[in-house]
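In the working numbering, the protein residues as written are 1 to 431. A short write-up of the structure that comes next.
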């Protein structure tokens, strides 16, 4: 099984640090990367969490479930660049249980104390494997946002995922909005902690990121750029962004429009629709759809003067976090967990989802009053530093790990201990 630079091939050669009074807790992370070509919010969360763990107390290993024919994608390149420990588990068919078999073996070989999953298939496989080996199982949940509304396949996955998630030892969600969708009847489901995502405030620091990609994108380093960053997907609202761009173009002749991202597998048709809309609205000389390597995302963010996020569904957006950390003014739709991040008129502007005209009016307001945008940007970074850094997110997550493992030690988390765990996680959610 190929792996990252440390170790080059994982062969069970991890050793607990014998010099420590307390042995590090071993956490096996499980993520299904089948069909994942880009670095999505889930990957950013996962890599950030691994970066923020206290390695004196925690020893992580990431199990990457992939298709054997899948070429090296951005997420794998980034894992290697960050020197994070991982193993590859290939499965050919969706109905295969090979990943379940291998993850069960890996739990035993690695000596995992806790299994932490991210996404619907990983939740199912990791929970079963953890139960078969008597280990604690925890899941992070960001909502089911990769499906069109009323999609039968998405509804089935969501139904199955809920069945498994409620049986986990605990769950982590990134917003109070998501938590409201995961309330179990009579507190019979998994205890839940709300831990907002955290951003690397050193990597996304306007005083450190001094370059720009404007010349590369638009052959002119002095244009003003309104942009959006993320998956090219109907839920993200790229068509609304382009419609708003058409309203802004005549009033702001030096304004350019940038979409950074790629379409997930199955949504190539939507990508083409966005490109066609650019042409039909006569914006082909002023609008660009492109993607950049993960290492260049800070530069790309520094190239955007105004970030628009017209999502229809959202949990706790990383593109918003990164823009806010860079002091970039943001305009976002009042959907999902976004109002927990953006205080309208304070550190950004909120507009109704699905309203390109309101989006254009808000953008025109900030483009016409750059001092207002600058003030909002500075306030946004202050909020990020106080609440949503990687260190804060990782610290609270490690608290959850400690509480879950303590509960497991008490008669395998009997009902009374589980209720106490529920109360402790609620405290972590509201520090």
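Using N, Cα and C, we set each Cβ at its ideal position, and we do this for glycine too.
Exercise for review: Specify, as a first and last residue, the run of the beta strand (DSSP E) that residue 227 falls within.
Suggested key: Counted from its first residue, the chain shown places residue 227 at position 227. Segment 224 to 229, the beta strand (DSSP E) holding residue 227.
Point to revise | Where the alpha helix (DSSP H) containing residue 101 begins and where it ends | key: Stepping through the chain shown from its first residue, residue 101 is reached at position 101. Unbroken alpha helix (DSSP H) run through residue 101: 98 to 110.
Check your understanding: Considering only the beta carbon of each residue, do residue 257 and residue 226 sit closer than 9 angstroms?
Key -> Reading the chain shown from its first residue, position 257 is the one you call residue 257. Reading the chain shown from its first residue, position 226 is the one you call residue 226. Against a cut-off of 9 angstroms, the Cβ pair of residue 226 and residue 257 comes out as a contact.
Review point. Which partner residues of residue 307 appear in the DSSP bridge assignment?
Key: For the purposes of this step, residue 307 is taken as the residue at position 307 of the chain shown. Bridge partners of residue 307: 227, 330.
Review point. What are the start and end residues of the alpha helix (DSSP H) that includes residue 407?
Key: For the purposes of this step, residue 407 is taken as the residue at position 407 of the chain shown. Segment 390 to 409, the alpha helix (DSSP H) holding residue 407.
Practice item. Enumerate in chain order the residues of its own chain whose CB-to-CB distance from residue 38 is below 6 angstroms, with the five nearest sequence positions on each side excluded. Key: Here residue 38 is taken as the residue at index 38 of the chain shown, counted from 1. If we look at residue 38 and ignore the five residues flanking it on each side, its Cβ neighbours are 74, 262.
Check your understanding: DSSP on residue 149, reduced to helix/strand/coil?
Key -> Your numbering for residue 149 matches position 149 in the chain shown. Legend: pLDDT at residue 149 = 49, less than 50; position of this residue unreliable, no value from coordinates given.
Check your understanding: In whole angstroms, what is the alpha-carbon distance linking residue 216 and residue 228?
Key -> The count along the chain shown starts at 1 and reaches residue 216 at position 216. The count along the chain shown starts at 1 and reaches residue 228 at position 228. Distance between the alpha carbons of residue 216 and residue 228 is about 17 angstroms.
**Study point:** Best match in 380, 67, 23 for proximity to residue 345 [C-alpha to C-alpha]
**Key:** Position 345 of the chain shown, counted from the first residue, corresponds to residue 345. When each option's Cα is compared against that of residue 345, the closest is 380.
Review point. Exposed or buried, which one is residue 97 when buried takes at least 16 other CB atoms within 10 Å?
Key: In the chain shown, residue 97 corresponds to position 97, counting from 1. Answer is exposed; the Cβ neighbour count stays below 16.
**Study point:** Same chain, Cβ closer than 8 angstroms to residue 290, five either side skipped, listed in chain order
**Key:** Position 290 of the chain shown, counted from the first residue, corresponds to residue 290. Cβ within range, chain order: 217, 258, 259, 260.
Check your understanding: Would residue 168 pass as a contact of residue 138 if the rule is Cβ separation under 9 angstroms?
Key -> Stepping through the chain shown from its first residue, residue 168 is reached at position 168. Stepping through the chain shown from its first residue, residue 138 is reached at position 138. Cβ atoms of residue 168 and residue 138: closer than 9 angstroms.
Point to revise | Sequence ranges, beta strand (DSSP E) only - wholly within the region 51 to 104, length at least 3 | key: 58 to 66, 86 to 90
Exercise for review: Report yes if the C-beta distance between residue 306 and residue 328 is below 9 angstroms; otherwise report no.
Suggested key: Mapped onto the chain shown, residue 306 falls at position 306. Mapped onto the chain shown, residue 328 falls at position 328. Yes, Cβ-Cβ distance for residue 306 and residue 328 is below 9 angstroms.
Check your understanding: Between residue 199 and residue 324, is the Cβ-Cβ spacing less than 9 angstroms?
Key -> Locating residue 199 in the chain shown gives position 199, counting from the first residue. Locating residue 324 in the chain shown gives position 324, counting from the first residue. In contact: residue 199 and residue 324 (Cβ atoms closer than 9 angstroms).
**Study point:** For residue 383, the three-state DSSP class (helix, strand or coil)
**Key:** By one-based count along the chain shown, residue 383 stands at place 383. Note: residue 383 maps to helix in three-state DSSP.
Practice item. Give every residue of the same chain whose Cβ lies closer than 7 angstroms to the Cβ of residue 294, excluding the five residues on either side of it in the sequence, and list them in chain order. Key: Numbered from 1 along the chain shown, position 294 holds the residue referred to as residue 294. Closer than 7 angstroms at the Cβ level, and outside the excluded window around residue 294, lie 39, 74, 78.
Check your understanding: Which first and last residues belong to the beta strand (DSSP E) in which residue 260 is found?
Key -> Here residue 260 corresponds to residue number 260 of the chain shown, with the count starting at 1. From DSSP, the beta strand (DSSP E) with residue 260 extends over 255 to 260.
Check your understanding: Can you tell me where the alpha helix (DSSP H) with residue 182 in it begins and where it stops?
Key -> Walking along the chain shown from the start, residue 182 turns up at place 182. Where residue 182 is concerned, there is no enclosing alpha helix (DSSP H), given that its DSSP letter is neither H nor E.
Review point. Alpha carbon to alpha carbon, what distance is there between residue 241 and residue 279?
Key: Walking along the chain shown from the start, residue 279 turns up at place 279. Walking along the chain shown from the start, residue 241 turns up at place 241. If you take the alpha carbons of residue 279 and residue 241, they lie about 14 angstroms apart.
Point to revise | Option nearest residue 286 by Cα separation, candidates 413, 48, 400, 246 | key: Here the question's residue 286 lines up with position 286 in the chain shown. Per the Cα distances, 246.
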